[in-house]
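Every position in the sequence shown, counted from 1, becomes a number in this note's numbering once 7 is added.
Structure first, then comments.
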Amino acid sequence: MCKLFPIADEQLLMGENIMSYARSISNPLIAWPEEAGLKGTFADDLQWVIPLVQKAANISLTETDRKILESVHNPFYRDAILKMLENAQIALKEVEGKAIIEKTPEVTPDKLFEALIAPYKGKVILVDFWNTWCGPCRMSIRANEPLKEQELKSDNLVWIYLANETSPLVTYKQAIPNIKGKHFRLNDEQWKYLCEQFKIDGIPSYVLVDKFGHYQLRNDFRDHEVMKNTLKKMIE
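Here it is, written out as structure tokens:
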């Protein structure tokens, strides 16, 4: 299949399906270079460097990753990734001290949710599953912020925000100072477990906890008016 068209044609990087091309070329289950005789081409390099883009943005490049960058044929990719890492480190310094990420409880995934809400027993808790790359998540959060100082201002209402490591660390830390609440950045195992626990079908998703500790997924809260009116009644 990969021999049916010139997969190493750089013009493919300019097409409207660039993201699909990038995902395919970086698929670790397909040996593109060997299959299509592309060793030493930019397509060979891309297979290795594309997964490092997010790691650079998260300032999480390992020594193994750096060795991969040194081995690519075109130094442009190495320089671009390292520049991305440098920019992320600079941006991170600018937000240090402004963004507070709560320490995730050190418990097994099956006990995580209970541990997250335990400190706020007796209060109404809204748990918001979101990520920085999610447009609807950000829109909902922006709509809620003014309400926290108006109709939904209450010491008996706690806002917990759960994101995962797909939110680039710098972007995440730049965002959360403007979002009043408790912020947790979960690892992949923790995030997947909670998503399975609550049968979450996408984000934003919301879990509502009442003052008695009973909780349930509230997909209807994607309707902002439903969320606002429900919370308002619960804190009256």
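Glycine is no exception: its CB is placed at the ideal position from the N, C-alpha and C atoms.
The structure presented is a predicted model; accordingly, all values stated were derived computationally and were not measured.
Query                                                                                            : Result
Inter-residue Cα distance where the pair is L11 and A50                                          : Only weak support exists for where L11 lies, its pLDDT of 48 falling under 50; the value from the coordinates is given anyway. Going from the Cα of L11 to the Cα of A50 covers about 15 Å.
Reference D208, options F136, E77 and Q181, closest by Cα                                        : F136
DSSP state of N171 mapped onto helix, strand, coil                                               : strand
Backbone secondary structure at L224 - three-state DSSP                                          : strand
Proximity to L176 [Cα-Cα], best of D52, G104, S67 and P58                                        : S67
L154 in three-state terms, based on DSSP                                                         : helix
Inter-residue Cα distance where the pair is E121 and A87                                         : 43 Å
Inter-residue spacing [alpha-carbon to alpha-carbon] between V216 and V79                        : 50 Å
Between the CA atoms of G129 and F219 - distance to the nearest angstrom                         : 6 Å
L164 and I242 closer than 7 Å at C-beta                                                          : yes
Runs of alpha helix (DSSP H) wholly within the segment 108–159 (minimum 4 residues, chain order) : 116–124 and 142–151
Contact set for V114: own chain, Cβ-Cβ below 7 Å, skip 5 residues either direction               : A122
CB-CB length for A106 against K180, believed under 8 Å                                           : 4 Å
T139 beta carbon less than 7 Å from that of F191                                                 : no
Burial state of M234 (16 or more Cβ within 10 Å)                                                 : buried
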